[in-house]
Amino acid sequence: MTGPRITLRIDRIVSDTPGLERAALAAAIRDEVGTVVARDGTGSLGTSRNMAFGKGVVQGGKAPLAQRVGRATVKVLGS
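Here's what the structure looks like:
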């Protein structure tokens with residue numbers, strides 16, 4: 048059995064930190080969505096909707112920047 052089909056379109060992510068690679072960011076968001084859905088189900092991402100704007104805070108830490116941005120992005124989706 049395959050998992051749920053999730054389509055996520057992000058128009059842009061604005062960062063004040065240079066060096067955020069697009070491919071690494073896309074992979075981190077994909078990984079974080081998969082982790083959250085596997086752990087908490089699709090309802091954890093909120094309801095299906097169009098979101099004109101969302102704002103999140105990237106936490107500090109030792110994880111790579113792309114991974115931390117991915118976590119913040121998925122957190123905004125669930126709010």
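Using our numbering, read the sequence shown as starting at 48 and increasing by one per residue.
For glycine and all other residues, C-beta sits at the position ideal for the given N, C-alpha and C.
Looking only at A119, A99, A73, the smallest Cα-Cα distance to Q106 is reached by A119. For E68, no alpha helix (DSSP H) segment is defined, and its DSSP state is neither H nor E. Less than 9 angstroms divides the Cβ of I53 from the Cβ of L92. Boundaries of the alpha helix (DSSP H) around T120: 112-125.
Inclusion of V121 and V61 in the CB contact set at 9 angstroms is not warranted, their separation being larger than that value.
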